[in-house]
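Since the structure comes first, as structure tokens, the remarks are kept for the end.
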Amino acid sequence: MSKKLFVPTKEFEEFLSPDYKDLAANGPYNGAKTVDDLGSFKEITGPHPHCAGCGVSLGIRLALSSLPSPEDTIAIGTPGCSYFALSQSAFNYSCSAFGDQNAVASGLKRMLSVRYPNTNKDVVVMVGDGGVVDIGLDHTLHSWFRQEKITTVMLDNEVYGNTGGQESGSTPKGRVLNMAPTGKKFEKIPIFEVAKASGCCYCVKVTVASPKKLGTAMRRAVLIAREIGPTFLQVYTPCPTNLKFPPSETIANAKEAEKSVYAYEEYMTEETSAFLSRIGETR
Ligand SMILES: Cc1ncc(C[n+]2csc(CCOP(=O)(O)OP(=O)(O)O)c2C)c(N)n1
Ligand SMILES: [Mg+2]
868 MSKKLFVPTK EFEEFLSPDY KDLAANGPYN GAKTVDDLGS FKEITGPHPH
918 CAGCGVSLGI RLALSSLPSP EDTIAIGTPG CSYFALSQSA FNYSCSAFGD
968 QNAVASGLKR MLSVRYPNTN KDVVVMVGDG GVVDIGLDHT LHSWFRQEKI
1018 TTVMLDNEVY GNTGGQESGS TPKGRVLNMA PTGKKFEKIP IFEVAKASGC
1068 CYCVKVTVAS PKKLGTAMRR AVLIAREIGP TFLQVYTPCP TNLKFPPSET
1118 IANAKEAEKS VYAYEEYMTE ETSAFLSRIG ETR
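Take 868 as the starting number for the sequence shown in the working numbering and just add one per residue.
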């Protein structure tokens, strides 16, 4: 990503917060290629509005620091907690209306392919579980059916976090939430299986407690989407505020989930596997 994108114009400079100026001067993604580089550059403004211990903002930071070409990537989001991290990070980002993110991303990807035929322009959808499993499911599935060359990252906190705790299709059965006081009545929708059955050629289920696995999955998902077809990451990003555990226990919560429903899974088609071998993606 060119630093110039974030350098304030002279006329606006005096109105910007010191934190934004710091972001422009010391970000973004100075050659970062793995999650190990997080902390060596400024990638998000300090006073962002996420709750302490937010799994969503951690998931976004890990994912963005692992992109193969951040300077040539645009993220498409939708309303939800993820909006706050993405809109305050040093990154190309556009927010769709709730639910149409994969339609917006499809059009953008096609337009970028025509406009820049000789450069890889990567389009990554980053939205919550409500955005994918509930409100955006139709657009999401159809982008997979059409084999759009985009990556979809679902930040799964198993709740509508941003609006105070309603259940989503991705909430586990029985979970009691602020606005689901009698508990969810049916099972968590197996969106990972749905993605496989709907034409995604690479799908990974991972949590924020496994940064290296998340980083590898993100890099591969983008590289594969360039050449083969749609890719999907389901990332568990626990929400201490709505799930009512102490903010210091986010990683422990995610580690625990890895023992059952969030056990690491990597699925790929044969064509995808051959492609990864060809480009030496074996680490
Ligand atoms: C069309 C539309 N319907 C409803 C909303 C209100 N809304 C904003 S965020 C949100 C929930 C988002 O849940 P999720 O996608 O899981 O993201 P999270 O906040 O949990 O990260 C809702 C219902 C909206 N902005 N637009
Ligand atoms: Mg959510």
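Yeah, the Cβ is synthetic: ideal placement off N, Cα and C, and Gly gets one too.
Once DSSP output is grouped into helix, strand and coil, what is the label at residue i?
i: S961; result: strand
i: M868; result: Residue confidence is low: M868 scores 45 on pLDDT, short of 50, so the model does not pin down where it sits. No coordinate-derived value is stated.
i: Q968; result: helix
i: R977; result: helix
i: T1139; result: helix
i: Y950; result: helix
i: L1081; result: helix
i: Y887; result: helix
i: A1047; result: strand
i: I911; result: strand
i: P1057; result: coil
i: H1006; result: helix
i: N1109; result: helix
How many whole angstroms separate the CB atoms of residue i and residue j, which I take to be in contact at a CB cut-off of 8 Å?
i: A930; j: L1081; result: 7 Å
i: G1066; j: Q1014; result: 6 Å
i: I1017; j: A1092; result: 6 Å
i: M1021; j: Y1069; result: Going by Cβ atoms, the distance from M1021 to Y1069 rounds to 14 Å, so no, they are not a contact pair.
i: Y950; j: G997; result: Y950 to G997, Cβ: 12 Å. No contact.
i: S961; j: V1000; result: That belief does not hold up - the Cβ atoms of S961 and V1000 are roughly 22 Å apart, past 8 Å.
i: C948; j: V971; result: Their Cβ separation, rounded to whole angstroms, is 19 Å, which puts C948 and V971 out of contact at 8 Å.
i: P1097; j: T1019; result: 7 Å
i: V1071; j: E1133; result: 5 Å
i: G894; j: K877; result: About 20 Å; that fails the 8 Å criterion.
i: L925; j: T1104; result: 7 Å
Based on the DSSP output, what are the partners of residue i in its beta bridges?
i: C1070; result: F1099 and Y1134
i: A942; result: Y960 and V991
i: T1019; result: V992 and F1099
i: Q1033; result: Y1027
Thinking just about the alpha-carbon of each residue, which of the options is nearest to the one in residue i?
i: H1006; options: A964, T1108 and E910; result: A964
i: V1152; options: Q968, F1059, G1066 and K1063; result: The structure shown has nothing for residue 1152, since the chain only spans 868 to 1150.
i: M993; options: F1012, D889, T986 and D967; result: D967
i: D904; options: M978, L934 and E1138; result: L934
i: E1054; options: A1062, E1034 and C1067; result: E1034
i: T912; options: E1123, L979 and A957; result: A957
i: P937; options: R1086, A1092 and E1025; result: R1086
i: S1115; options: G920, G944 and S1127; result: G920
i: C1106; options: N959, S1144, G1031 and S932; result: G1031
i: Y1129; options: Q955, P914 and N1024; result: N1024
i: R928; options: P946, D989, T945 and Q955; result: Q955
i: T901; options: K1079, Y887 and T1149; result: K1079
i: C918; options: T1139, T1108 and R977; result: T1108
i: H1009; options: L979, G974 and D939; result: G974
i: S1084; options: Y887, E1094, F1099 and I1095; result: A small fix is needed here, since residue 1084 is Ala in this sequence, not Ser. The candidate whose alpha carbon is nearest that of A1084 is F1099.
i: V991; options: M1046, I941 and P1039; result: I941
Could you check if residue i belongs to the surroundings of ligand 3, using beta carbon to heavy atom distance under 7 Å?
i: I1002; result: Among the ligands modelled here, namely ligand 1 and ligand 2, ligand 3 does not occur.
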